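*Asks:* Under this note's numbering, the first residue of the sequence shown is numbered 459, with each subsequent residue one higher.
We treat Cβ as the ideally placed atom computed from N, Cα and C, and that holds for glycine.
Everything numeric in this text was worked out from a predicted model, so none of it was measured.
Pasting in a structure now, in structure tokens, and then I'll have a few things to ask.
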Amino acid sequence: MDRLRALSGIKWQRWGADVIPAWVADMDFPTAPVIIDALRPMVEAGDFGYNMAAFDDSIPKAWVAWSERRFGWRPDVERTKVFTSTLQPISAALAVATEPGDGVLLFTPVYAPFYGIVKKSGCRLVEYRLNETEWRIDASALRSAIDEGTRAILLCNPHNPSGRAYSAEELRIVAEVAEERDLLVISDEIWQDFVYPGATHIPFASLGPDVAARCVTVTAASKSFSLGGLSCAVGFLGAEKVAEGIGALPPHMLGGVNALGAHATLAAWTGGEEWLLGTVETLRANRDHLLERISAELPEVIVGRPEATYLAWLDFRATSIADDPAKHLLERGLVGLSAGPEFGLAGKGFARLNFATHPEILDEILDRIVRTVREA
Ligand SMILES: Cc1ncc(COP(=O)(O)O)c(C=O)c1O
459 MDRLRALSGI KWQRWGADVI PAWVADMDFP TAPVIIDALR PMVEAGDFGY NMAAFDDSIP
519 KAWVAWSERR FGWRPDVERT KVFTSTLQPI SAALAVATEP GDGVLLFTPV YAPFYGIVKK
579 SGCRLVEYRL NETEWRIDAS ALRSAIDEGT RAILLCNPHN PSGRAYSAEE LRIVAEVAEE
639 RDLLVISDEI WQDFVYPGAT HIPFASLGPD VAARCVTVTA ASKSFSLGGL SCAVGFLGAE
699 KVAEGIGALP PHMLGGVNAL GAHATLAAWT GGEEWLLGTV ETLRANRDHL LERISAELPE
759 VIVGRPEATY LAWLDFRATS IADDPAKHLL ERGLVGLSAG PEFGLAGKGF ARLNFATHPE
819 ILDEILDRIV RTVREA
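What follows is the structure, encoded as structure tokens:
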């Protein structure tokens, strides 16, 4: 706890020392030793000059190898570019491939910044409200959600906040509908590495060359290895129009990655797998523990079993803190979850809990939630 409270990141700095944060998607574990070992000599030598790893194709190549080994998909390295965050290529793709007023479909509730990206790109939100018990993508519901002016689908695979890892069947539905309606599909796969036994991460673009050719895939090592502050991501620009449009932007308009982010990402994707697998196992145990405690101690709080991510989407609608669960939990329970409505209108009465923490801290978080609901 002392180490965590001393960190400069927003997760632990947002509230006072009496609050335990379980909101923003950062893990409480220090990153992989292989990454610290890569960065330490750079920091100690003050090695911060212009850096080859930020300019050459070593990061795309490392990602291609990681993706092929872990997910069986070998993205075209020529079509893979380095970005400063996963949100950057999403925004850039919409900027170059849509016209004002074009519809962009989101599967909601969903990661809050997606709404701002759609709106600030001059696009119109087209909503597919996921069924909150199954969270499955259904072909006829998708066809009826899409209107004449829809031009793109922004997919979150695996899905934040539900923790669904979409099946091949569901992804094929998205691909088929995209083909029928000539839609661009942007697939945010930043959660790719956190998938628990029984589920699989299937990269959307791996469904076939025609699917890849209308797709943009964005991902990073940042979520998997707690590197959010180091700003490094990759985008596979399968769709020709997006590749050309982004390629034609004025040089430097999108900025570039920094040397520490580049080296951390390379170390993660070339030597971090063993650490990652151990971390995913810890998170699986946390997930199971959380589900057991909620069902035993707070059966009125409904929570699905996340197949992926380290997020639990808690439904407080049958409790007496239903009007604003995150506010009550923060003010009375001193525990900081993400408020459901940040993820869209469908999030009212819900709160999102980040369970990527040490088991003792998770228990304290759960104690505080149970107490708050019981005493309300
Ligand atoms: C779905 C999704 N996309 C993107 C991000 C942020 O990625 P980045 O820091 O690379 O912009 C997050 C962070 O939680 C996320 O959940």
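Tell me Cys614's beta-bridge partners as DSSP assigns them.
*Replies:* Asp646
*Asks:* Do Leu563 and Phe572 come within 8 Å of each other at the CB atom, strictly closer than that value?
*Replies:* In this structure, Leu563 does not lie closer than 8 Å to Phe572 by Cβ.
*Asks:* State the CB to CB distance for the pair Val653 and Glu765, rounded to an integer number of angstroms; the pair is presumed to be in contact (CB under 8 Å).
*Replies:* 7 Å
*Asks:* Buried or exposed: which applies to Tyr508, given that a residue is buried once 16 or more other Cβ atoms fall within 10 Å of its Cβ?
*Replies:* exposed
*Asks:* Quick check: what's the CA-CA separation for Ser645 versus Glu833?
*Replies:* Spanning the alpha carbons of Ser645 and Glu833 requires a straight line of approximately 42 Å.
*Asks:* Please tell me whether, using a cut-off of 7 Å, the distance from the CB of Thr489 to the nearest non-hydrogen atom of ligand 1 is below it.
*Replies:* no
*Asks:* Of the residues Gln471, Trp473 and Ile478, which one's Cα is nearest the Cα of Thr815?
*Replies:* When each option's Cα is compared against that of Thr815, the closest is Ile478.
*Asks:* Going by DSSP in three states, Val482 sits in which element: helix, strand or coil?
*Replies:* coil
*Asks:* With DSSP as the reference, identify every bridge partner of Tyr586, one or two as the case may be.
*Replies:* DSSP, once it has assigned bridges, lists Phe565 as partnering Tyr586.
*Asks:* Roughly how many whole angstroms lie between the Cα atoms of Cys416 and Ser549?
*Replies:* What the structure shows of the chain is the stretch from 459 to 834, and residue 416 is not part of that stretch, so it cannot be assessed.
*Asks:* Thinking just about the alpha-carbon of each residue, which of Thr767, Ala784 and Asp773 is nearest to the one in Ala483?
*Replies:* That would be Thr767, whose Cα lies nearest to the Cα of Ala483.
*Asks:* Pull up the CB-CB distance for Ile575 and Leu545, whole angstroms please, since I reckon it's below 8 Å.
*Replies:* For a cut-off of 8 Å, the C-beta gap from Ile575 to Leu545 is around 7 Å, short enough to register as a contact.
*Asks:* Three-state secondary structure (DSSP) at Lys578?
*Replies:* When DSSP states are grouped into helix, strand and coil, Lys578 belongs to the helix group.
*Asks:* Go ahead and label Gly719 buried or exposed: buried means 16 or more other beta carbons lie within 10 angstroms of its beta carbon, across all protein chains shown.
*Replies:* buried
*Asks:* Where does Val715 fall in DSSP's three states?
*Replies:* coil
*Asks:* Relative to the alpha-carbon of His659, which residue among Thr556, Asp668 and Glu647 has its alpha-carbon at the smallest distance?
*Replies:* Glu647
*Asks:* Rounded to the nearest angstrom, what separates Gly703 and Ala551 at their Cα positions?
*Replies:* Each residue's alpha carbon lies about 8 Å from the other.
*Asks:* According to DSSP, is Trp524 helix, strand or coil?
*Replies:* helix
*Asks:* Could you check if Asn615 is buried or exposed, using at least 16 other CB atoms within 10 Å of its CB as the buried criterion?
*Replies:* Result: buried.
*Asks:* Taking Cβ positions only, does Ala475 come closer than 8 Å to chain C?
*Replies:* No chain C is part of this structure, which consists of one protein chain only.
*Asks:* Since Phe652 sits in a beta bridge, which residues does DSSP pair it with?
*Replies:* According to DSSP, which records beta bridges pairwise, Phe652 is partnered with nothing at all.
*Asks:* Can Asp782 be considered in contact with ligand 1, in the sense that its beta carbon sits closer than 7 Å to one or more heavy atoms?
*Replies:* no
*Asks:* Under the DSSP definition of a beta bridge, which residues are partnered with Asn812?
*Replies:* Leu769
*Asks:* Measuring straight from C-alpha to C-alpha, what distance separates Arg537 and Lys519?
*Replies:* 11 Å
*Asks:* Pair every Cβ in the stretch 669-684 with every Cβ in the stretch 694-710, then say whether three or more of these pairs are closer than 8 Å.
*Replies:* yes
*Asks:* Which same chain residues end up closer than 7 Å to Leu824 when comparing Cβ atoms and leaving out the 5 residues on each side of it in sequence?
*Replies:* Leu748 and Arg751
*Asks:* With Thr777 as the anchor, note down where its alpha helix (DSSP H) starts and where it stops.
*Replies:* It is not in any alpha helix (DSSP H) - Thr777 carries neither H nor E in the DSSP assignment.
*Asks:* For Gln471, does the count of other Cβ atoms within 10 angstroms reach 16, so buried, or fall short, so exposed?
*Replies:* exposed
*Asks:* Could you check the C-alpha separation between Arg447 and Arg630 for me, to the nearest Å?
*Replies:* Nothing can be reported for residue 447: it is not among the residues displayed for the chain, which extend from 459 to 834.
*Asks:* For the beta strand (DSSP E) that contains Val700, what are its first and last residues?
*Replies:* Counting along the chain, Val700 falls outside any beta strand (DSSP E), though it belongs to the alpha helix (DSSP H) covering Glu698 to Gly705.
*Asks:* How would you label Phe506, buried or exposed, when you count the other beta carbons within 10 angstroms and need 16 or more for buried?
*Replies:* Exposed is the call here.
*Asks:* Leaving out five residues on either side along the sequence, give the residues of the same chain with a beta carbon under 6 Å from the beta carbon of Ala485.
*Replies:* The amino acid occupying residue 485 in the given sequence is Met; Ala does not appear at that position. Excluding sequence neighbours, Met485 sits near Ser684 and Ala814.
*Asks:* If you measure between the beta carbons of Arg463 and Ala475, is that distance less than 8 Å?
*Replies:* yes
*Asks:* At the level of alpha carbons, what is the spacing between Ile468 and Glu638?
*Replies:* 43 Å
*Asks:* Roughly how many angstroms separate the alpha carbons of Arg594 and Glu628, rounded to a whole number?
*Replies:* 7 Å
*Asks:* Please indicate yes or no: does the CB of Ala814 lie closer than 7 Å to some heavy atom of ligand 1?
*Replies:* no
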